[in-house]
Ligand SMILES: [Cu+2]
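Residue numbers (my numbering), protein chains in the order written: chain A, 1 to 214; chain B, 1001 to 1231.
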């Protein structure tokens, strides 16, 4: 009887250990990130190339710090929590399904390892020559080549899809993005966008999208 | 019984639970009777030395009454269930008590947002309070809701109210509930509406009138929804 009981305890301990290992999953962040990214691929595409029909932007190759920061903002309601931001509201819910901060990190790590994908132009009426001139105001943060500047929390934007750049500039301008408490970096960018008119937004989108991502 | 697992917080929650228990009880009774008879007969007439099968053609009333009497009794139970169900249906879905307050419930992939009537208690006026995720109502009041969808079909489900109502794009669907106590309870979506359906949740905050008034006073200025002035 005693032996039998001991056997049960040993079995339980081993099962528990195995269970714990199974929950932890693979420890390689890249493998874990790839697995977690399955949840993002339906909208952002298998390679992070984005799906304009779903308003989901290309995210492949965005720096890890930026992806993490944005996911955190979605999770705390600093981005994507405006009632008129249907695309942001969708992304907010998806970010909230990440079970833990650690998952934010591994998925951000994986996203940053994906290649940047070029997008075909889709916004009409933008003039990239005028956009290039207007971009002078942006270069101090996003860089002359649009490569971004982590010190200023400014993401790379060169080669980003024009429709996404245009929507985000309009969102910043209207206070749909960058106007919530807890979004200090968004507020910086919002201040840059309030002065833009519709035509300037299109011009800038055309220029930004045409810049090569380094 | 059910209330041990999920609180009853609307006036009709109890009626719906009674209905569910009634259905469970009647259907469960016949289930156990039928299974009991089945297993009893299987056991009684199991293969035995010298046993021979009888030929029964199923026309002798002596045999058919074992089917026809339970059949009649079950039909009677059905009538009881239908009458009880229709009464609850009429109470919950076919009557519209005069509301103390009207709110708009907006469903979209994958969030709940709400429009409260604000200090003037009238919907669609400048002082309306729009919120994401949180619906505030007063305990003990009858609330009428106007349910709309921005995109696909959703379903407004509040388990503690035993309330579930589909939202159909293009339609304004009205319904009501009357709360019975204070507290914060879950709102969920009960109609598959896309990849984020399972995470489409909200909260209903039921407060005493004073607390609610405080909340209204704190949120009434349109500031929260209009574009804030550029800094
Ligand atoms: Cu839904």
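Each residue gets a CB set at the ideal place from its N, CA and C atoms; glycine is no exception.
Would you say residue 1 of chain A reaches chain B, if we count a Cβ-Cβ gap shorter than 9 Å as a contact? Residue confidence for residue 1 of chain A is low, a pLDDT of 42 falling below 50, so the modelled location carries little weight and cannot support an answer.
Going by CA-CA distance only, name the one from A:54, A:44, A:27, A:211 that's closest to residue 128 of chain A. A:211
Beta-carbon gap between residue 1193 of chain B and residue 1152 of chain B smaller than 9 Å: With contacts defined by Cβ atoms closer than 9 Å, residue 1193 of chain B and residue 1152 of chain B form a contacting pair.
Taking Cβ positions only, does residue 1007 of chain B come closer than 9 Å to chain A? no
Contact residues within the segment 118 to 140 of chain A, judged by C-beta distance below 8 Å to chain B: none
If you draw a straight line from the C-alpha of residue 178 of chain A to the C-alpha of residue 62 of chain A, how long is it? 19 Å
Taking buried to mean at least 16 other C-beta atoms within 10 Å of its own C-beta, is residue 108 of chain A buried or exposed? buried
Count the other C-beta atoms from every protein chain shown that fall within 10 angstroms of the C-beta of residue 1231 of chain B, then say buried if there are 16 or more, exposed otherwise. The predicted position of residue 1231 of chain B is uncertain, since its pLDDT is 38 and thus under 50; a value taken from the coordinates is nonetheless stated next. Exposed is the call here.
Taking the beta carbon of residue 1068 of chain B as the centre, do at least 16 other beta carbons fall within 10 Å, making it buried, or is it exposed? exposed
Amino acids of chain A, ordered along the chain, whose beta-carbon sits closer than 7 Å to that of residue 1195 of chain B: 42
Using a C-beta cutoff of 9 Å, does residue 48 of chain A count as contacting chain B? Against chain B, the CB of residue 48 of chain A has no partner CB under 9 Å away; the residue lies outside that interface.
Where residue 1108 of chain B meets chain A, residues with beta-carbon distance less than 7 Å: 86, 89
Could you check if residue 1107 of chain B belongs to the surroundings of ligand 1, using beta carbon to heavy atom distance under 8 Å? yes
Once you ignore the five residues that flank residue 82 of chain A on each side, which residues in its own chain have a CB closer than 7 Å to its CB? Closer than 7 Å at Cβ, skipping near neighbours: 88, 176.
Which residue spans inside the segment 1141 to 1199 of chain B form an unbroken beta strand (DSSP E) run of at least 3? Here the runs fully enclosed are 1142 to 1149, 1154 to 1158, 1163 to 1167, 1173 to 1178, 1183 to 1189.
Helix, strand or coil for residue 1121 of chain B, going by three-state DSSP, please let me know. Correct three-state label for residue 1121 of chain B: coil.
Residue 1149 of chain B touches chain A at which residues, Cβ-Cβ below 8 Å? The premise fails here: residue 1149 of chain B is roughly 12 Å from chain A at the closest Cβ pair, so nothing lies under 8 Å.
Any chain B beta carbon closer than 9 Å to residue 77 of chain A: For residue 77 of chain A, the nearest beta carbon of chain B is closer than 9 Å to its own beta carbon.
From residue 145 of chain A to residue 139 of chain A, what distance separates their C-alpha atoms? 8 Å
Measure the CB-CB distance between residue 1155 of chain B and residue 1169 of chain B and report whether it falls below 9 Å. Not a contact, by the Cβ cut-off of 9 Å.
Check this for me: beta carbons of residue 41 of chain A and residue 126 of chain A, under 9 Å apart or not? no
I need the boundaries of the alpha helix (DSSP H) containing residue 198 of chain A, first residue and last residue. 198 to 210
Bounding residues of the alpha helix (DSSP H) (the contiguous stretch that carries residue 68 of chain A): 64 to 76
Examine ligand 1 and report whether any of its heavy atoms sits within less than 8 Å of the Cβ of residue 94 of chain A. No; taking the cut-off as 8 Å, the Cβ of residue 94 of chain A has no heavy atom of ligand 1 nearer than that.
Measure from the C-beta of residue 96 of chain A to each C-beta in chain B and report whether the shortest distance is under 9 Å. yes
Measure from the alpha carbon of residue 166 of chain A to the alpha carbon of each residue in A:155, A:94, A:200, A:30, then state which is nearest. A:200
In whole angstroms, give me the CA-to-CA distance for residue 1006 of chain B and residue 1158 of chain B. Residue 1158 of chain B has its alpha-carbon roughly 11 Å from the corresponding atom of residue 1006 of chain B.
Which two residues bound the contiguous alpha helix (DSSP H) that contains residue 1032 of chain B? 1013 to 1044
Name the residue from B:1206, B:1001, B:1212, B:1178 whose alpha carbon lies nearest to the alpha carbon of residue 1092 of chain B. B:1178
Among the residues of its own chain, which have a CB less than 7 Å from the CB of residue 1182 of chain B, if the five just before and after it don't count? 1139, 1206, 1207, 1208
Give me the chain B residues within the contact set of residue 81 of chain A, using Cβ-Cβ distance strictly less than 7 Å, ordered along the chain. Chain B residues near residue 81 of chain A: 1132.
In angstroms, rounded to a whole number, what distance separates the CA positions of residue 1011 of chain B and residue 77 of chain A? About 34 Å.
Quick check on the contact list: which residues have their beta carbon closer than 5 Å to a heavy atom of ligand 1? The set, ordered by position in the chain, is B:1154, B:1189, B:1193, B:1200.
Chain A contact for residue 1198 of chain B (CB, 9 Å cutoff): yes
Please name the residue, chosen from A:190, A:191, A:55, A:183, that lies closest to residue 75 of chain A on a Cα-to-Cα basis. Comparing alpha-carbon positions, the option among A:190, A:191, A:55, A:183 lying closest to residue 75 of chain A turns out to be A:183.
Segment limits, beta strand (DSSP E) that includes residue 1129 of chain B: 1129 to 1132
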